[in-house]
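What follows is a short report on a single structure.
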Amino acid sequence: MGKSLTHKIIKSHLISGNMIPGEEVFVKVDQTLTHDINAVMTYLAFEAVGIDRVKTECSVSYLDHNLLYVDHKTPDDHIYLQSVAKRYGVYVSRPGNGICHSVHVARFGVPGKISMGGDSHTPHGGSIGMLCIGVGGMDVATAMTGVPMRLTMPRVIKVNLTGALKPGCNSKEIILELLRRVSIKGGLLNVYEYVGPGAEALEVSARATIANMGAETGATTSIFPADEQVRKFLASQGREQDYKELLPDLDAEYDDCMEINLSELEPLVSCPHQPDNVKRIRDVEKKPVQQVFIGSCTNASYSDIAKAALVLKGHLVNETVSCTCAVASKQIYKKLMQDGYIDMLLDAGVRMLEIACGPCCAIGQTPATKGIAVRTTNRNFIGRAGNPTAEIYLVSPESAAATAIAGTFATAEDIMGEEIWKLGEVREPEEFGIDDGMLIKPLSEEEGVEVSVVRGPNIKPLPIPDAPEQYLCAPISLKGGDNISTDDITPASAEFSSMRSNIPLMSQYCYHRYAPDFAARAKAMGKSIIIAGENYGQGSSREHAAINPMYLGVKAVIAKSIARIHKGNLINHGIIPMIFANSEDYQGLELEDELEIENLLEQIPTRTVTIKNKTRHFLFDVKLEITDNEMEVVLNGGQLAYLKKQLTKEA
Ligand code: F3S
Numbered sequence: 006m007g008k009s010l011t012h013k014i015i016k017s018h019l020i021s022g023n024m025i026p027g028e029e030v031f032v033k034v035d036q037t038l039t040h041d042i043n044a045v046m047t048y049l050a051f052e053a054v055g056i057d058r059v060k061t062e063c064s065v066s067y068l069d070h071n072l073l074y075v076d077h078k079t080p081d082d083h084i085y086l087q088s089v090a091k092r093y094g095v096y097v098s099r100p101g102n103g104i105c106h107s108v109h110v111a112r113f114g115v116p117g118k119i120s121m122g123g124d125s126h127t128p129h130g131g132s133i134g135m136l137c138i139g140v141g142g143m144d145v146a147t148a149m150t151g152v153p154m155r156l157t158m159p160r161v162i163k164v165n166l167t168g169a170l171k172p173g174c175n176s177k178e179i180i181l182e183l184l185r186r187v188s189i190k191g192g193l194l195n196v197y198e199y200v201g202p203g204a205e206a207l208e209v210s211a212r213a214t215i216a217n218m219g220a221e222t223g224a225t226t227s228i229f230p231a232d233e234q235v236r237k238f239l240a241s242q243g244r245e246q247d248y249k250e251l252l253p254d255l256d257a258e259y260d261d262c263m264e265i266n267l268s269e270l271e272p273l274v275s276c277p278h279q280p281d282n283v284k285r286i287r288d289v290e291k292k293p294v295q296q297v298f299i300g301s302c303t304n305a306s307y308s309d310i311a312k313a314a315l316v317l318k319g320h321l322v323n324e325t326v327s328c329t330c331a332v333a334s335k336q337i338y339k340k341l342m343q344d345g346y347i348d349m350l351l352d353a354g355v356r357m358l359e360i361a362c363g364p365c366c367a368i369g370q371t372p373a374t375k376g377i378a379v380r381t382t383n384r385n386f387i388g389r390a391g392n393p394t395a396e397i398y399l400v401s402p403e404s405a406a407a408t409a410i411a412g413t414f415a416t417a418e419d420i421m422g423e424e425i426w427k428l429g430e431v432r433e434p435e436e437f438g439i440d441d442g443m444l445i446k447p448l449s450e451e452e453g454v455e456v457s458v459v460r461g462p463n464i465k466p467l468p469i470p471d472a473p474e475q476y477l478c479a480p481i482s483l484k485g486g487d488n489i490s491t492d493d494i495t496p497a498s499a500e501f502s503s504m505r506s507n508i509p510l511m512s513q514y515c516y517h518r519y520a521p522d523f524a525a526r527a528k529a530m531g532k533s534i535i536i537a538g539e540n541y542g543q544g545s546s547r548e549h550a551a552i553n554p555m556y557l558g559v560k561a562v563i564a565k566s567i568a569r570i571h572k573g574n575l576i577n578h579g580i581i582p583m584i585f586a587n588s589e590d591y592q593g594l595e596l597e598d599e600l601e602i603e604n605l606l607e608q609i610p611t612r613t614v615t616i617k618n619k620t621r622h623f624l625f626d627v628k629l630e631i632t633d634n635e636m637e638v639v640l641n642g643g644q645l646a647y648l649k650k651q652l653t654k655e656a
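Sequential numbering from 6 applies to the sequence shown in the numbering used here.
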């Protein structure tokens, strides 16, 4: 049988392991990326390893998320990140150059490479036939040392796209339809590989929306073939020399397959408060909308913004709506200006924001109390926009523009009527104006070692966890429900994001919105254990959702299931991820119950741990769903201690 594209790329990077779904493999990583609000911990960890230069082909540090300098903290972070990049051979994309995923695929992406990024939407690069995986910052630090990266061999799911999107439907409809079908945890340990005539017709920017938001299914990543569309895209970036055709074999074997007929799709909306709560826009109650945001790495490409502008052309944003737009990169912004689309947006009353993530991660444009926000972003968790009373609905740029005009949920067709065909005419430019002036190139190794890393007062040391002990007796500091997101654990906003380099400060706001008394309680308990339901730690890759609890003394999380990236972050930062052997035991546990584990160090290698509830007098078992390598990391008390040991041994 033939090979899928995913298998071909993993095989070409395989260092060790069997490529059997669920088994651990180790692969060479070619590229890494980080962004400003997660990266300080990554580079502190890299510094702590003690090598002089990154060992990847290309590592890039993006300053793109928090560009609101409301006090000294974020500029402190940016100065640190710029200096540490110079010291160790990392590119820097300066503020204003664009959102990490959009810039990375345009200026650095190469078909067939493997990239790991400290952001859950790193799979964006799957749009050009790269295998791009979102991981925690400690994993990125590890990849930068050149050590082969562990990966649980995924199942590869063929997604056959047939038919064609109607004008007024965006590739956002395709990924929302997939989410509707598979749910926010249905993609766990899957790679979605898109093929078929519908996929062939999608330009790279449309593919990027799908690959990017595939993260919301919990998938390892998503990928499209490197075909003629990719050649055209790289040519538009002046990089045709980086193109090579990479396709799955015609008789490729897949672990499963599904089909989406694009001709049958209608404008869709993901309703509060989970991305898989997908409905047809025409079926949603016509509530008054207070805010519309068009932007983010998911939907701020040239075509996305041009189509939104065409819907808005000749109209005015409804007086009840605040409508803002943030374009994904400087090169796209300039091209949209040249082609007249920015004028259309301004004339319609859209407020153009700076080129950044901004409102997507609650950095500005917080909705009003109980406000309804309609966004082209990828997540609608409670509080994601900075206000837990708000409702967030996720739609395409075309539908967002129509909604801004109507003041309630609407589609492009509602506004444009027979003129809707105009949207089908929009194409990505054949040529972008290439200007890499906002990319700072790495210095040579000799020059780098002379650079002093600048640490302002916001840069606090990376907390190092203790290795597990033989005996653990600790109370439950939190009993949470299903689908707790990393936004619940470590809230987003300009203010909170700027604290992420300062764990003593940030940890005081751990679970700030979900359980406001958690931080004080966990600290008072000294050591504690968190209990949760299904899909614990879904969403953003931010490892602060592991570091902050660890800093507050959390030793283990016992959940019904744990999201992939967050499980890795817990392991990397010394918290043992445990899964109920019998999920009904969840019911018998209450806040502050005292849990006792004896012979923990002997129990860990068996992957089953027996726990005694000393308060309610019963025993229950938990499973450790970890690979051999992850077990080593757990027993060493986290990835940094393990990595240092490994590198010392090699030396
Ligand atoms: Fe930025 Fe939002 Fe994407 S925070 S990287 S635009 S998911």
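All C-beta atoms, glycine included, are put in the ideal place defined by N, C-alpha and C.
Closer than 7 Å: residue i CB and nearest ligand 1 heavy atom
i    : result
C137 : no
N383 : yes
D124 : yes
I657 : Because residue 657 is not part of the residues shown, which for the chain are 6 to 656, the question remains open.
C330 : no
H70  : yes
S301 : yes
C63  : no
C365 : yes
C478 : no
F515 : The displayed chain sequence assigns Cys, not Phe, to residue 515. It does not: the Cβ of C515 is nowhere closer than 7 Å to a heavy atom of ligand 1.
C362 : yes
CB contact flag (residue i, residue j, <8 Å)
i    : j    : result
S120 : L38  : yes
G531 : N577 : no
D124 : S546 : yes
L267 : I179 : yes
S588 : K617 : no
T4   : A411 : For residue 4 there is no data in the structure shown, the boundaries of the chain being 6 and 656.
L350 : A314 : yes
I609 : L629 : yes
T226 : I189 : no
A50  : M154 : no
S512 : Y541 : no
E250 : D232 : yes
C366 : S502 : yes
M24  : I14  : no
T329 : P364 : yes
Backbone CA spacing between residue i and residue j [nearest angstrom]
i    : j    : result
V75  : A361 : 16 Å
H549 : N43  : 8 Å
V598 : A333 : The residue you asked about is not Val; residue 598 is Asp in the sequence shown. Roughly 48 Å separates the two Cα atoms.
T147 : A305 : 31 Å
I704 : R505 : In this structure the chain extends from 6 to 656, so residue 704 is not present and cannot be described.
A561 : I580 : 5 Å
A53  : K33  : 22 Å
E28  : M158 : 5 Å
L575 : I552 : 8 Å
P468 : S107 : 32 Å
L317 : G103 : 24 Å
Burial state of residue i (16 or more Cβ within 10 Å)
i    : result
P128 : buried
R432 : exposed
G442 : exposed
M218 : buried
L606 : exposed
Q343 : exposed
L321 : exposed
H622 : exposed
E208 : buried
S457 : exposed
8 Å Cβ cutoff, residue i in contact with chain D
i    : result
R212 : Although the question refers to chain D, the structure presented lacks it and comprises just one protein chain.
Exercise. Taking three-plus beta-carbon pairs below 8 Å as touching, is the segment 513-527 in contact with the segment 352-369?
Worked result: no
For this session: Evaluate contact between the segment 70-87 and the segment 160-175, counting only Cβ atoms and requiring at least three cross-stretch pairs below 8 Å.
Result: no
For this session: Would you check if there are 3 or more beta carbon pairs closer than 8 Å linking the segment 61-69 to the segment 95-103?
Result: yes
Problem set entry | At least three beta-carbon pairs within less than 8 Å, the segment 281-296 to the segment 364-376 | yes
Exercise. Counting Cβ pairs, one atom from each stretch, are 3 or more of them under 8 Å apart for the segment 381-389 and the segment 483-497?
Worked result: yes
Exercise. Between the segment 415-430 and the segment 244-254, do at least 3 Cβ pairs fall closer than 8 Å?
Worked result: no
For this session: State whether the segment 239-250 contacts the segment 135-154, with contact taken as three or more CB pairs (one from each stretch) at a distance under 8 Å.
Result: no
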